[in-house]
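Numbering (our numbering), first residue to last: -15 to 209.
Backbone N, C-alpha and C define an ideal beta-carbon position, used for all residues, glycine too.
Worksheet: the structure to be examined is printed underneath.
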Amino acid sequence: MRLQEDIDAVVKHFHAWRIKINPSKSTAVFFQGRRTHKIPEQISIEGLPIPWSRQAKYLRVVLHESLTYKHHAANIRKKIGASAHALYPLLNSKSRLSLENRIKLVKAIITPIATYAGEVWHQANSSAKHAVQSKFNNIIRLAARAPRFMFNVRLRKELKLPTLEETIVKRATQTIEKIHVHRNPLIKECIKDRKPTSKRKGIRMLTNEAEGPKPPSAKKAKPNI
């Protein structure tokens, strides 16, 4: 089988560079997008069979076989909820902390959890991103002790808090700018001739944002009739 031959070649390369693989902690995922294909035959590493799974976690990012980040967004919501539960004694209405310190707690602990690897999972659909932002808004309202009639937009404006999408886009744009001036040519090749992503999906035109905004196109004046 070609797949098993390629795996054996990769394992041989790892052994040559003294990189040890733990087959017992390895998982095989067949990424197939929206289409459904037949799962390949059983594969093995160093004689140990590797189980097939529908998703795997790499660097705390959940990678699903459908190539969507809906499951990773659900995992982020769970982490935000667990962190908020631990911080509840410091954020609730009976806490003696000032508003400034409560917001600092949210920025220092909750925001990094909500935006971790955002440059990757931001390619998720809008409903998944909205679910994460909604969970984050609940924590902000708890920390700010906001009344029910106050809108989230007004609350963030008064607290000077950006949305998660704005934070991720800003950080991703800074990353693109660093890559443009990096000394390693191989890293620059990663974004060479990169096409802008769709307006409905993903981080919008990060390369163009790093280079600067384009001037608006001039509209033709309508002739008077």
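Check                                                                                                  : Outcome
Neighbourhood of LEU47 by C-beta, 7 Å cutoff - its chain only, sequence neighbours within 5 removed    : VAL13, GLN39, ALA40
Proximity winner among SER110, LYS119, GLN26, ILE87, relative to LEU75 (alpha-carbon distances)        : ILE87
Distance between ASN122 and SER77 (C-alpha atoms, nearest Å)                                           : 14 Å
CA nearest to the CA of ILE27, picked from THR20, PRO35, SER50                                         : PRO35
As assigned by DSSP and simplified to three states, the class of ILE3                                  : coil
According to DSSP, residues forming a beta bridge with HIS48                                           : GLN39
Buried/exposed call for THR20, threshold 16 Cβ in 10 Å                                                 : exposed
Boundaries of the beta strand (DSSP E) in which ILE97 is found, first to last residue                  : Here ILE97 belongs to no beta strand (DSSP E); instead the alpha helix (DSSP H) covers 95 to 99.
Run of the alpha helix (DSSP H) containing ILE27, from where it starts to where it stops               : It is not in any alpha helix (DSSP H) - ILE27 instead sits in the beta strand (DSSP E) that spans 27 to 29.
Candidates ASN6, GLU25, SER118, of which the one nearest ALA57 by Cα                                   : SER118
Segment contact flag, the region 124 to 137 with the region 164 to 177, C-beta cutoff 8 Å, min 3 pairs : no
For GLU(-6), the three-state DSSP class (helix, strand or coil)                                        : Here residue -6 turns out to be Val, not Glu, going by the sequence shown. In this structure, VAL(-6) counts as helix in the three-state DSSP scheme.
Contacting residues, own chain, Cβ-Cβ under 8 Å from LYS89 (five flanking each side not counted)       : The identity of residue 89 in the sequence shown is Leu, whereas the question assumes Lys. LEU71, LEU74, LEU75, LEU81, ALA127, listed in sequence order.
Which residues DSSP lists as bridging VAL137, in chain order                                           : Beta-bridge pairing links VAL137 to no other residue.
Those residues which DSSP pairs with ILE34 across a bridge                                             : ILE27
Bounding residues of the alpha helix (DSSP H) (the contiguous stretch that carries GLY17)              : Note, GLY17: premise wrong, no alpha helix (DSSP H); not H, not E.
Straight-line Cα distance separating ALA92 from SER151                                                 : Checking the displayed sequence, the identity of residue 151 turns out to be Thr instead of Ser. In a straight line, the C-alpha of THR151 is about 14 Å away from that of ALA92.
Where TRP1 falls, given that 16 or more other Cβ within 10 Å makes a residue buried                    : exposed
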